[in-house]
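Trainee: Per this note's numbering: the sequence shown = residues 2 to 225.
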Amino acid sequence: MGRRLVMLALAGAGAAAVAGAVLFLPGEQGSQAAGVIPRTPAPEDPLTGQEVSRAAAIASAGSRTHMAAGRVELLYVERDDDKDTPARRRADAYLYDYGSDRLIVRTVDLGRGRVVRETVTRGVQPPPSKEEEATAAELLLTHREYGKGVREAFARAGGRRLTSAADLGLRGLIFTPSGEDGPARRCDTHRCLRLFVRLPDGTWLDTSRIVVDLSAKKIHTLEW
């Protein structure tokens with residue numbers, strides 16, 4: 002799991018929220034609906050979509066109250082590559098607790114249907130999930146100054162009103178402070194994003210000084 006975590010930390014912001022899942026084409030779904038029994042996945046096969054959903058449900062069962070309140074977020078699920086258990090189908094579910102700024106990794110044994118291992122660390126920031134990018138955009142839109150600017154830029158570029166954050170093209174990167182003196186210095190422990198916003202005409206909004214603090218649910222402006 003350690004090797005996989007390092008790979009996550011170095012990955013780009015486009016890391017898939019359901020890494021390792023198998024996507025079924027409409028024809029494949031029809032085959033299953035017609036009664037074709039799918040092949041049982043081998044231990045080394047990627048996780049199926051059903052396995053990802055099941056692992057997510059099992060891993061988040063003990064955190065649902067905090068998840069409903071927005072304190073904990075399920076980032077993504079991927080296949081566990083523990084070489085000590087090569088014959089078992091396992092999945093690692095990555096959750097982030099914004100209240101305590103801890104990364105929680107729960108390993109789910111899909112055969113047994115339960116969590117068999119949990120690790121909790123601080124100071125480790127995997128790439129943001131798509132849900133986090135959307136949350137960051139919503140926080141940006143609620144900001145009095147920046148929200149107005151985003152809406153005006155969107156209207157100019159698209160010729161229509163911005164109705165929600167889902168209308169925006171988004172890409173997020175983890176922000177790590179380097180010598181900041183303002184509120185953004187808290188991002189040395191908080192989970193913070195640099196959010197890049199694409200407009201309908203393909204241009205990117207200038208958000209170079211904006212940092213979204215997901216832990217504090219605030220927007221910070223970098224000073225330089």
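Idealized CB from N, CA, C, for every residue including glycine.
Just so you know, these numbers come straight off a predicted model, no measurement behind them.
At which residue ranges does the segment 166-194 contain complete beta strand (DSSP E) runs of 3 or more residues, listed in the order of the chain?
Mentor: 170-175
Trainee: May I ask you to report which of helix, strand or coil DSSP gives Val53?
Mentor: helix
Trainee: Which residue or residues does DSSP assign as beta-bridge partners of Trp205?
Mentor: Per DSSP, Arg199.
Trainee: If I'm right that Asp102 touches Ser216 with Cβ under 8 Å, what's the distance once you round it to whole angstroms?
Mentor: 6 Å
Trainee: Work out the CA separation of Val73 and Tyr95 for me, nearest whole Å.
Mentor: 10 Å
Trainee: With the cut-off set at 8 Å, would you say Ala92 and Val78 are in Cβ contact?
Mentor: Using a Cβ distance threshold of 8 Å, Ala92 and Val78 count as a contacting pair.
Trainee: Would a C-beta distance cut-off of 8 Å place Leu142 and Ala166 closer than the cut-off?
Mentor: Contact annotation: Leu142 and Ala166 have beta-carbon atoms nearer than 8 Å.
Trainee: Short check: CB of Ala154 to CB of Leu194, under 8 Å?
Mentor: Not closer than 8 Å, so no.
Trainee: Leaving out five residues on either side along the sequence, give the residues of the same chain with a beta carbon under 7 Å from the beta carbon of Arg186.
Mentor: Scanning its chain for C-beta atoms nearer than 7 Å, with the 5 sequence neighbours on each side dropped, one finds around Arg186 the residues Pro178, in chain order.
Trainee: Identify whether Ala138 lies in helix, strand or coil by the three-state DSSP scheme.
Mentor: helix
Trainee: Suppose the cutoff is 7 Å on Cβ atoms and the five residues either side in sequence are ignored; what does the same chain contact list for Thr222 look like?
Mentor: Arg210, Ile211
Trainee: Pick helix, strand or coil for Tyr97, following the three-state DSSP scheme.
Mentor: strand
Trainee: Between which two residues does the alpha helix (DSSP H) carrying Thr66 extend?
Mentor: Its alpha helix (DSSP H) spans residues 65-69.
Trainee: Do Leu140 and Val125 have their beta-carbon atoms positioned less than 8 Å apart in this structure?
Mentor: No; because the gap between Cβ atoms is not below 8 Å, this pair is not in contact.
Trainee: Can you tell which of Gly150, Ala43, Cys188 has the C-alpha that lies nearest to the C-alpha of Arg80?
Mentor: Ala43
Trainee: Confirm, please, whether the CB-CB distance from Gly173 to Glu134 is below 8 Å.
Mentor: yes
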